[in-house]
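Trainee:
Residue numbers (this note's numbering), protein chains in the order written: chain A, 50 to 162; chain B, 49 to 164.
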């Protein structure tokens with residue numbers, strides 16, 4: 050069965066600092082991988098996605114993620130965090146057919162001024 | 049940019065009562081979904097709906113749940129007899145196609161259901 054683990058429940062970084070949010074997955078076949086962000090009072094917004102090709106993918110809002118098959122990881126990064134990035138971030142895997150996503154538990158990001 | 053809209057944003061109901069959560073998907077989308085997130089837990093898939101029938105459902109989606117597209121624009125989730133453990137944030141989503149990669153999900157802001 051597929052699963053997604055986000056080891057860090059909360060992360061606090063200073064504004065302008067770099068960020069890395071960890072995501073590990075377990076999936077029987079080649080997965081589609083996603084990162085979503087949820088700002089307070091908002092729905093889930095897609096940041097980026099990966100299936101194949103270049104293992105470093107670029108997303109919106111300056112985020113990127115790197116797929117490492119050997120580590121079953123898909124970590125999200127941003128070189129310089131802005132206060133508006135404070136939100137909850139969810140990693141997810143999905144099948145090649147269908148949209149039944151399996152989500153991780155989320156990482157809540159707080160940004161210090 | 050078109051959005052998925054959900055109403056109400058917060059619903060309080062008593063245990064045993066029926067509740068209907070409403071969603072208006074993006075107008076040219078063909079696939080519709082409900083997910084839920086119990087406080088402090090993961091976002092979980094409930095059901096997907098296409099061409100006026102359920103295409104996939106999870107084991108959470110038991111007989112007390114039903115979905116309907118009553119009028120070509122709304123997509124509803126009905127919980128027949130609510131239980132305390134149904135308290136959660138319920139997210140509606142829609143997509144143009146079936147592939148999670150080519151047609152990613154667009155989520156609404158959610159309805160927080162509180163069962164007392």
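Glycine is no exception: its CB is placed at the ideal position from the N, C-alpha and C atoms.
Bear in mind the structure is a predicted one, so any value in this text is a computation, not a measurement.
Give a yes or no on whether 7 Å exceeds the smallest Cβ distance from residue 73 (chain A) to chain B.
Mentor: No, because no Cβ of chain B sits closer than 7 Å to the Cβ of residue 73 (chain A).
Trainee: If you measure from the beta carbon of residue 90 (chain B) to each beta carbon in chain A, is any gap under 7 Å?
Mentor: Residue 90 (chain B) counts as touching chain A.
Trainee: Beta-carbon of residue 153 (chain B) versus every beta-carbon of chain A: anything under 7 Å?
Mentor: Residue 153 (chain B) counts as touching chain A.
Trainee: Give me the Cβ distance between residue 115 (chain B) and residue 91 (chain B), rounded to the nearest whole Å; I'm assuming they're in contact under 8 Å.
Mentor: About 18 Å; that fails the 8 Å criterion.
Trainee: Using a Cβ-Cβ cut-off of 6 Å (strictly less than) and excluding sequence neighbours within five positions of residue 123 (chain B), which residues of its own chain qualify?
Mentor: Cβ neighbours of residue 123 (chain B) beyond the five flanking positions: 71, 73, 80, 117.
Trainee: Just to make sure I have the definition right: I need the residues of chain B whose C-beta is within less than 7 Å of the C-beta of residue 90 (chain A). Which are they?
Mentor: By Cβ distance, chain B contributes 157.
Trainee: Determine the extent of the beta strand (DSSP E) in which residue 140 (chain B) is found, giving its start and end residues.
Mentor: Element bounds for residue 140 (chain B): 136-143.
Trainee: Can you tell me where the beta strand (DSSP E) with residue 131 (chain B) in it begins and where it stops?
Mentor: Premise fails: residue 131 (chain B) is in no beta strand (DSSP E) and is neither H nor E.
Trainee: Would residue 148 (chain B) and residue 148 (chain A) qualify as a contact pair, given that the criterion is a beta-carbon distance under 7 Å?
Mentor: Against a cut-off of 7 Å, the Cβ pair of residue 148 (chain A) and residue 148 (chain B) comes out as a contact.
Trainee: Note down, in chain order, every chain B residue with its Cβ under 8 Å from the Cβ of residue 143 (chain A).
Mentor: Within 8 Å Cβ-Cβ: 148, 149.
Trainee: Quick one: residues in its chain with C-beta nearer than 7 Å to the C-beta of residue 128 (chain A), no 5 flanking neighbours on either side, listed in chain order?
Mentor: The residues are 67.
Trainee: Which chain B residues sit within Cβ distance under 7 Å of residue 149 (chain A)?
Mentor: Simply 93, 96, 104.
Trainee: Under 7 Å between C-beta atoms, does residue 143 (chain B) make it to chain A?
Mentor: Yes, residue 143 (chain B) counts as interfacial toward chain A.
Trainee: Helix, strand or coil, according to DSSP, for residue 64 (chain B) in the structure here?
Mentor: In the structure shown, residue 64 (chain B) sits in coil (DSSP, three-state: anything other than H, G, I, E or B).
Trainee: Are the C-beta atoms of residue 154 (chain A) and some chain B residue less than 7 Å apart?
Mentor: Yes, contact with chain B.
Trainee: Pair every Cβ in the region 124-135 of chain B with every Cβ in the region 131-148 of chain A, then say whether three or more of these pairs are closer than 8 Å.
Mentor: With a cut-off of 8 Å, the region 131-148 of chain A and the region 124-135 of chain B do not count as touching, because too few Cβ pairs lie within range.
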